[in-house]
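In the working numbering, the protein residues as written are 141 to 211. For each residue, glycine too, the CB sits at the ideal point set by N, CA and C. All remarks here apply to the structure that follows.
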Amino acid sequence: MADTTLHIENAVNETCPWSGKPIAADSLTLYRGEVVGFCNPGCRDKFEAAINHFEKAIADRDVPLIAKGID
141 MADTTLHIEN AVNETCPWSG KPIAADSLTL YRGEVVGFCN PGCRDKFEAA INHFEKAIAD
201 RDVPLIAKGI D
């Protein structure tokens with residue numbers, strides 16, 4: 141089984157993109173295959189929610205109109 145633990149030393153950033161504070165080892169996530177760090181789990185979760193929101197919006201936009209029932 142592969143080690144899926146994220147490590148702070150692999151993070152592409154040193155400061156939280158939301159707060160500007162230093163990143164924490166318990167607040168890491170993967171984005172496009174890279175480790176991204178946040179200052180706390182709340183900021184990490186806010187980032188993941190934003191990504192999910194935009195991914196859904198893009199997917200919904202890319203659905204052909206006929207599939208949406210619109211001619």
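Check: Within the continuous beta strand (DSSP E) that includes E154, where are the two ends?; Outcome: From DSSP, E154 is part of no beta strand (DSSP E); its letter is neither H nor E.
Check: Would you mind reading off the limits of the alpha helix (DSSP H) that contains E188?; Outcome: P181 to D202
Check: Beta strand (DSSP E) containing E174: first to last residue?; Outcome: E174 to G177
Check: Give every residue of the same chain whose Cβ lies closer than 7 Å to the Cβ of A93, excluding the five residues on either side of it in the sequence, and list them in chain order.; Outcome: Residue 93 cannot be examined here, being either before or after the span of the chain that is shown, 141 to 211.
Check: What are the boundary residues of the beta strand (DSSP E) that T129 is part of?; Outcome: Beyond the ends of the chain as shown, which are 141 and 211, falls residue 129; an answer cannot be given.
Check: Rank C179, L170 and N180 by C-alpha distance to the C-alpha of N192 and give the top, closest one.; Outcome: L170
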